[in-house]
Amino acid sequence: MAQERAIADLNEAEAGAELARLAGELARANRAYHQADTPEITDAAYDALKARNAAIEARFPHLKRPDSPSDQVGAAPAEGFGKIRHAQRMLSLANAFEPEEIAEFDARIRRYLNLVPDAPLAYTAEPKIDGLSLSLRYEDGVLVHAATRGDGETGEDVTANARTIAEIPVRLEGAPALLEVRGEVYMRHADFQALNARAAETGGKSFANPRNAAAGSLRQLDAEITRARPLSFFAYGWGALSEPLADGQMASLKRLETLGFQVNRLTRPCDGPAALLEHYRAIEAARPDLGYDIDGVVYKIDDLALQARLGFRSTTPRWAIAHKFAAETAWTVLEGIEIQVGRTGALSPVARLKPINVGGVLVSNATLHNEDYIAGRDSRGQPIREGRDIRVGDRVQVYRAGDVIPKIADVDLAQRPGDAVPYVFPQTCPECGSVALREPGDSTHRCTGGLICPAQAIEKLKHFVSRNAFDIDGLGAKQIEMFFADDQLPIREPADIFTLRARDAANLTKLKNRDGFGERSAAKLFDAIDERRRIPLARLLFGLGIRHLGEVAAADLARHFGGWRVLIDTVDRAAPAAARALAADEAEQAERARAATEGRRAEVKKARDAIWDDPPLPEGARLAWEEIIGIEGVGAVLAASLVTTLTQGRERASVERLVAELAEIQPPEQRSTDSPVAGKTIVFTGTLTRLTRAEAKARAEASGAKVAGSVSAKTDILVAGEGAGSKAAKAEALGVRVIDEDAWLALIGA
Ligand code: 9MJ
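If you're matching positions, the sequence shown starts at 176 in our numbering and goes up one per residue.
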């Protein structure tokens with residue numbers, strides 16, 4: 176940086192030159208900042224440049240430039256990339272590691288489609304390219320948009336950059352009027368090495384691996400930089416289309432190839448799991464000589480009509496799976512075992528390892544799962560590792576499979592130090608000292624401290640801001656830890672996040688003057704928080720971090736209830752029944768234990784019923800409880816967790832404080848509103864002949880219907896398959912419309 180002179184000493188010419196320099200430097204800093212991976216100066220340095228610019232302008236107002244950085248005060252600099260909403264969601268793939276999982280994948284699909292075991296089923300197998308996914312939108316054969324995957328719904332607009340990649344055609348001949356091509360941008364090994372060699376010569380930034388180099392090159396605000404980077408592209412699929420490319424996966428790829436795209440030449444048709452595994456081994460053998468990185472093999476159902484029937488789980492297609500290459504392993508020393516406390520109070524033992532390189536990644540931690548795993552037995556008490564336990568000081572074998580947390584595969588008893596002692600699992604929470612209980616049938620110790628346990632509170636907050644929950648830009652795990660420990664501006668529960676701006680305004684020590692924050696980043700954080708005052712109900716539910724409540728169940732609950740108030744009212748009404756259900760379970764278990772020895776099984780049911788019936792439950796409690804456990808995908812275990820958590824005094828007060836800060840809890844999008852069953856509650860019963868249950872449920876939901884497990888006054892339609900029994904009778908009694916499978920299919924237009 177040029178030497179800075181006191182502003183009072185500057186003459187007019189010098190001041191003009193200095194303003195020009197500052198405008199240039201600030202503009203460059205802005206660009207670098209928004210490329211995210213490469214900020215060039217600290218927030219403090221940025222603020223200092225801005226302050227100096229303002230001071231010079233104050234002394235020489237007539238020298239103020241038309242592009243003065245002062246005119247951008249307060250406003251966040253122009254956003255990095257524009258956002259593009261994908262016309263069709265961009266999905267990721269479920270992973271498999273073992274050959275048995277491929278047989279299960281095949282079996283699952285056959286079950287779902289109701290195919291007989293030896294019916295032919297055609298697949299394709301292709302290398303899984305280790306790059307980054309890109310969606311290219313062509314309208315009338317012209318490339319109009321290119322977007323990264325982002326969160327699957329919305330990606331970053333990298334159109335200008337994509338246009339500079341030679342393997343991405345900007346114009347297509349004979350393509351459908353609308354065509355979204357999906358594929359992987361990657362960098363070949365030779366290009367990667369040349370790029371890093373050039374960087375070394377010019378003192379530029381080198382990349383750790385080809386994937387990072389490809390990502391860093393595509394995500395450049397200046398497309399001319401992308402142009403100078405040697406990127407490649409393989410097409411492997413498509414999104415929205417005005418007409419099908421072909422009727423199979425293989426034929427569609429051929430069509431994309433004809434249109435001018437690179438399609439991986441190792442893609443093969445396969446007629447079942449054996450052929451898939453054979454091609455997997457062939458690709459694995461070819462891997463070292465491919466000249467680019469792959470991390471597995473992708474299997475897809477070839478028939479596109481079957482792909483459509485199979486559809487999707489929450490973020491992955493049912494018709495495809497990624498078979499990842501085997502884990503890399505290495506031996507190292509276990510230096511210690513630490514206990515981490517999770518958001519639901521689970522105590523997780525973590526191995527602290529002497530750092531070791533496993534397949535290109537430095538590993539110093541691995542999961543040890545639970546007490547039994549360390550002791551060398553599984554959840555049923557059967558030996559694992561032939562019963563060898565794991566002790567501090569042992570030499571252990573570490574492995575990494577996919578992106579998952581490293582694990583410990585084995586221990587070398589021959590090298591065990593003489594003074595190594597068996598590990599004793601703690602009986603109290605290391606964070607708050609509360610008793611850690613391990614319930615019968617559960618392999619996990621849990622801290623009983625609840626909200627008084629700081630570890631649980633922090634982990635709940637981290638979960639709350641995580642990507643699939645509130646996903647607040649600039650508020651990640653690191654910032655949560657900082658704010659949690661902060662005395663001036665603490666965040667101790669979710670509601671505190673939303674009062675941050677107001678508390679900061681009232682405080683003397685401002686966030687923008689803190690370490691790690693500046694004016695821009697503080698303002699950006701407050702804005703990012705405000706953006707989340709409108710939140711979909713499913714995200715809110717998932718974000719609360721209630722035990723057993725995952726993303727899929729959160730979406731099921733949101734679809735069923737449609738709004739927060741309806742849900743919480745039902746939960747409140749169900750509270751007495753939930754308590755009763757837990758007590759009944761306990762009584763049943765106790766009675767079962769006795770009955771097993773004394774041969775009085777009928778007593779079990781009696782014990783249960785006695786709890787349920789006496790004293791009588793308040794009006795509506797049982798109905799509300801049955802409504803919740805009747806939602807498909809919500810069982811009694813989750814329902815009990817949901818109701819007891821949300822009706823527990825301190826927890827509920829904390830949730831209400833949060834809800835009061837939100838501007839809108841958005842109802843789930845009706846997936847399809849023009850269907851006659853949209854918004855209706857459907858129950859399936861009996862044996863369906865043309866659809867499997869899973870498929871029937873998925874199709875009903877895709878048409879905007881809610882699927883319940885039991886008939887109630889709220890049921891709109893009962894679809895009665897063959898041999899429908901008591902549910903059909905109950906529906907008749909309640910005056911619910913009952914139709915057969917064919918009528919149902921006609922109704923949803925299938
Ligand atoms: C990669 N990464 O090579 C898919 N992929 O298909 C291939 N990814 C994919 N297919 C559907 N070959 C979603 C993702």
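Glycine residues also receive a C-beta, built at the ideal position from the N, C-alpha and C atoms.
Everything numeric in this text was worked out from a predicted model, so none of it was measured.
Asked: Would you kindly check if the distance between the Cβ of R260 and the Cβ of T334 is under 8 Å?; Found: no
Asked: DSSP three-state call for A815: helix, strand or coil?; Found: helix
Asked: Starting from the C-beta of R462, find all residues in its chain whose C-beta is less than 7 Å away, skip the five residues before and the five after it, and write them out in chain order.; Found: I469
Asked: Can you tell me whether S642 is helix, strand or coil according to DSSP?; Found: Note that residue 642 is Arg in the sequence shown here, rather than Ser. R642: coil per DSSP, three-state reduction.
Asked: Where do the ends of the beta strand (DSSP E) carrying R575 lie?; Found: 570-575
Asked: If G898 and G861 are in contact, beta carbons under 8 Å, what's the gap, nearest whole angstrom?; Found: 5 Å
Asked: Quick check on the burial criterion: 16 or more other C-beta atoms within 10 angstroms. Buried or exposed for G249?; Found: Since pLDDT at G249 reaches only 33, below the 50 mark, its modelled position is unreliable, and the value read off the structure follows with that caveat. Result: exposed.
Asked: Let me check you understand the geometry: is the CB of P492 closer than 7 Å to at least one non-hydrogen atom of ligand 1?; Found: yes
Asked: Sort F659, L712, A526 by Cα distance to Y598 and report the nearest one.; Found: A526
Asked: For a test of the three-state rule: what should DSSP assign to A251, helix, strand or coil?; Found: Low local confidence applies: a pLDDT of 34 at A251 is under 50, so the model's placement there is unreliable, with the coordinate-based value given in what follows. Note: A251 maps to coil in three-state DSSP.
Asked: How many whole angstroms separate the CB atoms of Y298 and I476, which I take to be in contact at a CB cut-off of 8 Å?; Found: 6 Å
Asked: For Y467, which three-state DSSP category applies?; Found: coil
Asked: Is P274 helix, strand or coil when you go by DSSP?; Found: helix
Asked: Please classify G414: does DSSP put it in a helix, a strand, or coil?; Found: strand
Asked: If you drop the 5 nearest sequence neighbours on each side, which residues of the same chain put their C-beta closer than 6 Å to that of E836?; Found: A670, F673
Asked: If you check the beta carbons only, do I923 and S885 fall under 8 Å apart?; Found: no
Asked: So is R456 buried or exposed if we call it buried at 16+ other beta carbons inside 10 Å?; Found: exposed
Asked: Where F256 and L396 are concerned, what is the direct C-alpha to C-alpha distance, given to the nearest angstrom?; Found: 7 Å
Asked: Going by C-alpha to C-alpha distance, which of L522, E355, A204 sits closest to H620?; Found: L522
Asked: Does the contact criterion of 3 or more C-beta pairs under 8 Å hold for the segment 746-762 versus the segment 798-810?; Found: yes
Asked: Please identify the residue among E189, P241, I182 whose C-alpha is closest to the C-alpha of A198.; Found: P241
Asked: Under 8 Å: do the segment 369-383 and the segment 441-453 share three or more Cβ pairs, one atom per stretch?; Found: no
Asked: Quick one: what's R346 bridged to in DSSP?; Found: V317
Asked: Which term fits E606, buried or exposed, when burial requires 16 or more other beta carbons within 10 angstroms of its beta carbon?; Found: buried
Asked: Just to confirm, are L664 and R678 a CB contact at a threshold of 8 Å?; Found: yes
Asked: I'd like the span of the beta strand (DSSP E) that includes L353, first residue to last.; Found: 353-361
Asked: Is the beta carbon of R121 sitting closer than 8 Å to the one on Y313?; Found: Summary: the structure shown does not reach residue 121, with the chain confined to residues 176 through 925, and so no result is reported for it.
Asked: Using 7 Å as the cut-off, classify the Cβ of A495 as near or not near the heavy atoms of ligand 3, replying yes or no.; Found: As far as ligands go, the structure on display features ligand 1 and does not contain ligand 3.
Asked: Quick check: L479 and G414, are their CB atoms within less than 8 Å of each other?; Found: no
Asked: Which term fits Q631, buried or exposed, when burial requires 16 or more other beta carbons within 10 angstroms of its beta carbon?; Found: buried
Asked: So, using beta-carbon positions, are D564 and S554 closer together than 8 Å?; Found: no
Asked: On the three-pair Cβ rule with 8 Å, is the segment 498-518 touching the segment 392-410?; Found: no
Asked: Below 8 Å on the Cβ atoms is my contact criterion, and I expect T519 with R722 to pass it. Report the Cβ-Cβ distance as a whole number of Å.; Found: 4 Å
Asked: Look up H620 in the DSSP assignment and say whether it is helix, strand or coil.; Found: strand
Asked: Hey, is K303 close to ligand 1, as in C-beta under 7 Å from one of its heavy atoms?; Found: yes
Asked: Note down the Cα distance separating D917 from L757, rounded to an integer number of angstroms.; Found: 40 Å
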